[in-house]
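>
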Amino acid sequence: MSAQQRPFPTRMALNVTKVRLGGAQKGHSLLKRKSDALTVRFRSILQRIKDCKIAMGRLLRDANMSMAELHFVSGQANLDYAIREAAQLAQFRVRARVENVAGVLLPSFEVHLEGSNPCELVALGRGGQQVHRCKEQFGKALSELVQLASLQTAFFLLDETIRVTNRRVNALEHVAIPRM
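Each residue of the sequence shown is one higher than the last, beginning at 4 in this note's numbering.
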């Protein structure tokens, strides 16, 4: 081969640099889109957490008021022991599942109620309706609490992932691409 047929080393280096620059730009654009998608999800979760905390305060207030009414109507000072003795199995179950958001696996918790009639747990002559209402109020509060735990877990994971992704985007944008 003659010297004209072989590519010059500088031309090869230029082609390699162009390919690396193209890859870095493509990676930057993909990471930027991932960061934007995660930020949108992060903000929606933040709003849902705010709403859930407000609802949680209302539900706990109502549940505690229902418990006070139960104690007043039944005339018994210590119902907790009777309720715990009558309960056989837990009716409230929490199941976890995983949700994929832009390559990030977020745990999500779901509430499943199992069991029998709540009024047959306690054999009270009076106050059976109050027991039922109290149980419903605390069940709603517990369901909201599980939802809040799910949202906050996703919130912390998304926050960390967004930070890492933004560091990579900035490194590509301000260090790697300008050097090339």
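Here a beta-carbon is modelled for each residue, glycine too, at the ideal position from N, C-alpha and C.
Would you kindly work out how many angstroms separate the C-alpha atoms of residue 71 and residue 135, rounded to a whole number?
14 angstroms
> Just how far apart, CA to CA, sit residue 107 and residue 161?
8 angstroms
> Could you give the distance in angstroms between the alpha-carbon of residue 15 and the alpha-carbon of residue 50?
53 angstroms
> Roughly how many whole angstroms lie between the Cα atoms of residue 158 and residue 76?
42 angstroms
> One question on the structure: do residue 102 and residue 111 come within less than 8 angstroms of each other, judged by their Cβ atoms?
yes
> State the Cα-Cα distance for the pair residue 2 and residue 146, rounded to the nearest angstrom.
Summary: the structure shown does not reach residue 2, with the chain confined to residues 4 through 183, and so no result is reported for it.
> Please list the terminal residues of the continuous beta strand (DSSP E) segment that includes residue 177.
No beta strand (DSSP E) holds residue 177; DSSP gives it neither H nor E.
> I'd like to check one pair, residue 40 with residue 105: are the Cβ atoms closer than 8 angstroms?
yes
> Classify residue 17: buried if its beta carbon has 16 or more other beta carbons within 10 angstroms, exposed otherwise.
Of the other Cβ atoms in all chains shown, fewer than 16 fall within 10 Å of the Cβ of residue 17; this residue is therefore exposed.
> When DSSP labels each residue in this structure, what does residue 117 get in the three-state scheme?
coil
> If the criterion is Cβ atoms closer than 8 angstroms, does the pair residue 27 and residue 179 meet it?
yes
> Mind reading off the beta-carbon distance from residue 115 to residue 100? Whole number of angstroms is fine, and I expect it under 8 angstroms.
Residue 115 to residue 100, Cβ: 11 angstroms. No contact.
> Alpha carbon to alpha carbon, how far is residue 45 from residue 137?
Here the alpha carbons of residue 137 and residue 45 stand approximately 35 angstroms from one another.
> Can you tell me the Cα-Cα spacing of residue 66 and residue 59, whole angstroms?
10 angstroms
> Span of the beta strand (DSSP E) holding residue 99?
95-104
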